[in-house]
Amino acid sequence: MRPYFNVLPLLFPLALAAPVGAQQALDGFQELPSSAPPADQAAAPPEAPITPGMILAATYEGGPLPDGQSAVTFVVQVLLDRAGISPGVIDGYKGGMSESALRGFEEREGLPVDGVMDADVWALLGTATVLTDYAITEEDAANLTDRIPDNVRDKAAMKELGYTRVTERLAERFHMDEDVLQQLNPDATFSAGEVIMVADPGVPMQGEAARIEVRKGARRAAIFDAAGTMIANYPVAIGSDDTPSPVGTVEVTAVALDPTYSYNPKVNFEADGVKEFLTLPPGPNGPVGSVWIDLSKPTYGLHGTDTPAKLFQHRSHGCVRFSNWDAHELAHMVKPGVAVEFTE
């Protein structure tokens, strides 16, 4: 019992006689609680917020990363992101996603894997300026959606499930938590022409994926090239015991950007008491975010999400959720036939 969605532009067009399968019932409309470690930004608030000056001056001085939010954790998150090991949202908080990213980096670099920051990790991460100035453009401030309604029928009536705030759009572009973007720019109005300070995650990772390993226990997806080298590693949300993700190995069959979403209560589930078939418009705040990577197991896929900070706080309904920016990066590294292995 799963909903379906329609594909708009395909990066690798395939002949599709029927709507491509989306994800398991209610995915995108209802979240399942998780016993996983909390998302990074769920930590207790710091005594004083980090500032751009603190981040630019931060350096690692030994030991585990500090609890709560810190400038050095922000730096480590950006450097991990630049290295292709996504920490999820960049927010400066020590937490589950950052720890899992450290584990992924340690594995790739041949270090002991414990998810704890140390001098060897710091040395291999290298040094770089992790903040940059950004001038907000007219385009950044244009074409915002007034609001995203809760009811599925109201969503279907919209033209786009787009960004509702300039800060939401920019936070996603720079892989940041929206609150932390505002925290670093306390006096900003986020208007066109204004110059703000943002994280600098670098350019998207390049490479050709030959195999994707979805590690259910670690809540990570590791991407390998034909030589077996890990070229990227992302935090993900996976299915629950009641609505599990697939087992074994499947294949990528198609890649879609900005997919629409087809709601069919007769075949799948009923939400909000709506009984008619509906097509929800595309957009980053849609049920599958702004990317869909279709799998050979019918109705399952790898896709984006409208709530990237909650990847480790919730379970999916069987599919594999990425942040929209990680899903976009992955979409340009895969093609039909790439193996996707689900491991425990």
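Numbering (mature numbering (1 follows the signal peptide of the UniProt record, and there is no 0)), first residue to last: -22 to -1, 1 to 322. Glycine included, each C-beta is placed from N, C-alpha and C at the ideal position. This one's a predicted model, so the numbers in the text were calculated from it and none came from an experiment.
Distance between M311 and K275, taken at the CA atoms: about 20 Å. Under the three-state reduction of DSSP output, Q160 falls in the helix class. Where H306 is concerned, the enclosing alpha helix (DSSP H) starts and stops at N302 to A309.
A residue is called buried when at least 16 other Cβ atoms come within 10 angstroms of its Cβ; T115 does not meet this threshold and is exposed.
Contact between T107 and S76 does not hold, since their C-beta atoms are separated by about 20 Å, which reaches or exceeds 8 Å. Nearest Cα to I33 within the set V318, Q55 and R143: Q55. If you look at I33, you'll find it isn't in any beta strand (DSSP E); it sits in the alpha helix (DSSP H) that goes P30 to A35. DSSP places A188 in the coil class of the three-state scheme, outside both helix and strand. When C-alpha distances from A210 are compared across Q47, G31, R60 and K72, the shortest belongs to R60. Annotation: the continuous alpha helix (DSSP H) that includes E87 extends over G74 to E87.
No Cβ-Cβ contact shorter than 8 Å links A187 with I174.
D284 is the residue among D284, G171 and V228 whose C-alpha sits nearest the C-alpha of A215. The alpha-carbon of E191 is positioned some 12 Å away from that of P213.
Inter-segment contact for the segment 132 to 143 and the segment 251 to 268 is present: three or more beta-carbon pairs are separated by less than 8 Å. L57 sits in a helix when the DSSP states are folded into three classes. T257 is bridged by DSSP to S240.
Note that the C-beta distance between I68 and D157 is not below 8 Å. Contact between P222 and G296 holds, with the beta-carbon distance rounding to 6 Å and staying under 8 Å. Rounded to whole angstroms, the gap between the alpha carbons of S240 and Q47 is 40 Å. The DSSP-derived three-state label of D178 is coil. Under DSSP, the beta-bridge partners assigned to N211 are I63 and A200.
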